[in-house]
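**Q** Counting in numbering that gives the first Met the number 0, the sequence shown runs from 0 upward without gaps.
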Amino acid sequence: MAEDVRATEPEPLWRHLVGDRMRTLRHERGETLGEVARRAGVSPQYLSEMERGSKDPSSEMIAAVAGALGWSLLDLTRSVAEQLAPAVPAAASPAVPAAPAAPAVPAAPAVREPARVQSAFALAA
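(1) Grab me the residues of R5's own chain with a C-beta within less than 6 Å of its C-beta, minus the 5 sequence neighbours each way, in chain order.
(2) In the DSSP assignment, find the alpha helix (DSSP H) that holds T23 and state where it starts and stops.
(3) Here's a check: name, in chain order, each residue in its chain whose Cβ is nearer than 7 Å to the Cβ of G18, leaving out the five neighbours to either side.
(4) Would L24 be called buried (16 or more neighbouring beta carbons within 10 Å of its own) or exposed?
(5) Would you identify the three-state DSSP class for G66, choosing helix, strand or coil?
(6) Measure the alpha-carbon distance for G66 versus P9 and round it to whole angstroms.
(7) Do L72 and I61 have their CB atoms nearer than 8 Å?
(8) Helix or strand or just coil, what does DSSP make of P85?
(9) By DSSP, does S57 sit in helix, in strand, or in coil?
(10) Just the C-alpha distance for A1 and T7, rounded to the nearest angstrom, thanks.
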């Protein structure tokens, strides 16, 4: 029996969504690439590549740009995650597995205090 194969769009990439959100925030503020890049400590070219999704920036770079746009890394991440959530149908989302049980950690051996060394002067007293 043939399976029902449907053409589906691939999930959007995180870097594309982050870049789109950064560009939207920059435009809402009426700022240029150069202004935001200078405050973030990156080149305008790099910021442009981030906005287009052609770079996969580190969390430090994303935080720097978010800060330059007046946002925290957490707020930007939440905003992108909320944008991504409706894009992925519930049936396509894998169930979140339960966290694995913590491995049993053997008890630490008892630690004895080191023997105190008395100086010869203390013994003579």
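Even for Gly, the Cβ is constructed at its ideal location relative to N, Cα and C.
**A** Straight from the coordinates:
(1) Here residue 5 is taken as the residue at index 6 of the sequence shown, counted from 1. Its pLDDT being 47, under 50, R5 is placed unreliably in this model, and the value from its coordinates should be taken loosely. Taken in chain order, the list of residues that qualify is empty.
(2) To locate residue 23, count along the sequence shown from 1; it is residue 24. Note, T23: alpha helix (DSSP H), W13 to R28.
(3) Within the sequence shown, the letter at position 19 stands for residue 18. Result list for G18: M49, E50, R51 and G52, in chain order.
(4) Residue mapping note: residue 24 aligns to position 25 of the sequence shown, counting from 1. Classification for L24: buried.
(5) In the sequence shown, the residue the question calls residue 66 occupies position 67. In the structure shown, G66 sits in a helix (DSSP, three-state: H, G or I).
(6) Residue mapping note: residue 66 aligns to position 67 of the sequence shown, counting from 1. Residue mapping note: residue 9 aligns to position 10 of the sequence shown, counting from 1. Rounded to whole angstroms, G66 to P9 spans 30 Å at the Cα level.
(7) Along the sequence shown, read from residue 1 onward, the residue named residue 72 stands at position 73. Along the sequence shown, read from residue 1 onward, the residue named residue 61 stands at position 62. Their beta carbons are under 8 Å apart, which means L72 touches I61 by this criterion.
(8) Taking the sequence shown and counting its residues from 1, one reaches residue 85 at position 86. Three-state DSSP puts P85 in a helix.
(9) Here residue 57 refers to the residue found at position 58 when the sequence shown is read from its first residue. It is coil, neither helix nor strand.
(10) Position 2 of the sequence shown, counted from the first residue, corresponds to residue 1. Position 8 of the sequence shown, counted from the first residue, corresponds to residue 7. In this prediction, A1 has a pLDDT of 48, which is less than 50 and means its spatial position is unreliable; what the coordinates show is noted afterwards. If you take the alpha carbons of A1 and T7, they lie about 18 Å apart.
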